[in-house]
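Chemist:
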Amino acid sequence: MSNNEKCTCVECGNTDERMDKLKDILEEYRSIKGNLIPILHSVQKIYGYLPEDILQVVSEKINIPMTEIYGVASFYHLFSLEPKGEHIIKVCLGTACYVKGGQIILNRLEQELNLEVGKTSLDGKFTLEATRCLGACGLSPVMTVDDKIYAKVTLDDVRRILDEYTKVEVDK
Numbered sequence: 001m002s003n004n005e006k007c008t009c010v011e012c013g014n015t016d017e018r019m020d021k022l023k024d025i026l027e028e029y030r031s032i033k034g035n036l037i038p039i040l041h042s043v044q045k046i047y048g049y050l051p052e053d054i055l056q057v058v059s060e061k062i063n064i065p066m067t068e069i070y071g072v073a074s075f076y077h078l079f080s081l082e083p084k085g086e087h088i089i090k091v092c093l094g095t096a097c098y099v100k101g102g103q104i105i106l107n108r109l110e111q112e113l114n115l116e117v118g119k120t121s122l123d124g125k126f127t128l129e130a131t132r133c134l135g136a137c138g139l140s141p142v143m144t145v146d147d148k149i150y151a152k153v154t155l156d157d158v159r160r161i162l163d164e165y166t167k168v169e170v171d172k
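Numbering follows full-length UniProt numbering, in which position 26 of the sequence shown is assigned residue number 26; successive positions increment by one, without gaps.
1) Quick one: give me the first and last residue of the alpha helix (DSSP H) that Ile149 is part of.
2) Report the rounded CA-to-CA distance for Ser140 versus Thr131, giving the unit in angstroms.
3) Between which two residues does the beta strand (DSSP E) holding His87 run?
4) Comparing C-alpha positions only, which one of Leu22, Lys148, Pro38 sits nearest to Tyr165?
5) Which residue wins for smallest C-alpha separation from Ile39, given the options Val117, Arg159, Ile62, Asp53?
6) Just the Cα atoms here: how many angstroms apart are Leu162 and Asp123?
7) Where do the N-terminal and C-terminal ends of the beta strand (DSSP E) with Leu128 fall, by residue?
8) So Leu128 and Val117 are in contact, right, with Cβ under 8 angstroms, and what is the actual spacing, rounded?
9) Given a threshold of 16 other Cβ atoms within 10 Å of its Cβ, counted over all protein chains shown, does Leu155 qualify as buried or as exposed?
10) Do you know whose CA, among Tyr47, Ala96, Glu86, lies nearest Asp16's CA?
11) Which residues in the same chain as Arg18 place their Cβ atom closer than 6 angstroms to its Cβ, once the five residues preceding and following it in sequence are excluded?
12) Can you look up Thr166 in the DSSP assignment and give me helix, strand or coil?
13) Counting contacts by CB-CB distance shorter than 7 angstroms, is Ile64 in contact with chain B?
14) On a CA-only basis, which of Lys100, Gln44, Ile64 is nearest Leu78? Give me that one, please.
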């Protein structure tokens, strides 16, 4: 667990404001039919992903089996069962970006970060994702880091872009 990550463990008794928010959400959605997806969205907004112990609480409180919760959480791409990094890097692999080198950019990021697509770095700094379209085909290849868009990315740009996010931490 990283220094800024709080325990989500229900059994240890270390509750925080997130658990209070979760209880409020479960109460709000308790009697609403089809409540699972909105609850999962709320849990992910609170925790940044869907922690197993929190999903167990959801299961018990709204009386939906864990298998059903996992089925929904793993079916929809928006949900994550693993913690995300501080910075989310997305590389477009849509047709225009792929043709102009999107896969090569993604390969370089994997190499630079020593990280597979869909995984988070051990230090919790980066999560690397491939996406089908970022809606900027005329600027291909395109990648984003969090909400910042990088257009016409070259192999030489990759290290410079990563340094923007690692250098900031050193300067703090």
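Heads up, the beta-carbon is just placed ideally off N, CA and C, and yes, glycines get one too. Fair warning: this is a prediction, and the values are worked out from it, not measured in the lab.
Modeler: Reading off the structure:
1) To locate residue 149, count along the sequence shown from 1; it is residue 149. For Ile149, no alpha helix (DSSP H) segment is defined; the enclosing uninterrupted segment is the beta strand (DSSP E) at 148-150.
2) Start at 1 with the first residue of the sequence shown, and residue 140 comes out as number 140. Start at 1 with the first residue of the sequence shown, and residue 131 comes out as number 131. Whole-angstrom Cα-Cα distance: 13 angstroms.
3) Start at 1 with the first residue of the sequence shown, and residue 87 comes out as number 87. Element bounds for His87: 87-92.
4) The count along the sequence shown starts at 1 and reaches residue 165 at position 165. Among Leu22, Lys148, Pro38, the Cα nearest to that of Tyr165 belongs to Lys148.
5) Taking the sequence shown and counting its residues from 1, one reaches residue 39 at position 39. If we check each option's Cα against that of Ile39, Ile62 comes out closest.
6) Here the question's residue 162 lines up with position 162 in the sequence shown. Here the question's residue 123 lines up with position 123 in the sequence shown. Going from the Cα of Leu162 to the Cα of Asp123 covers about 14 angstroms.
7) Position 128 of the sequence shown, counting from 1, holds the residue named residue 128. It spans 126-131 - the beta strand (DSSP E) in which Leu128 sits, taken as one unbroken run.
8) If you number the sequence shown from 1, residue 128 lands on position 128. If you number the sequence shown from 1, residue 117 lands on position 117. Correct: roughly 5 angstroms between the Cβ atoms.
9) For the purposes of this step, residue 155 is taken as residue 155 along the sequence shown, with counting starting at 1. With fewer than 16 other Cβ atoms within 10 Å, it is exposed.
10) For the purposes of this step, residue 16 is taken as residue 16 along the sequence shown, with counting starting at 1. The candidate whose alpha carbon is nearest that of Asp16 is Tyr47.
11) In the sequence shown, the residue the question calls residue 18 occupies position 18. Closer than 6 angstroms at Cβ, skipping near neighbours: Ile46.
12) Mapped onto the sequence shown, residue 166 falls at position 166. Here Thr166 sits in helix by DSSP.
13) Absence of chain B from the displayed structure is noted, only one protein chain being present.
14) Taking the first residue of the sequence shown as position 1, residue 78 is located at position 78. It is Gln44 whose Cα lies nearest to the Cα of Leu78.
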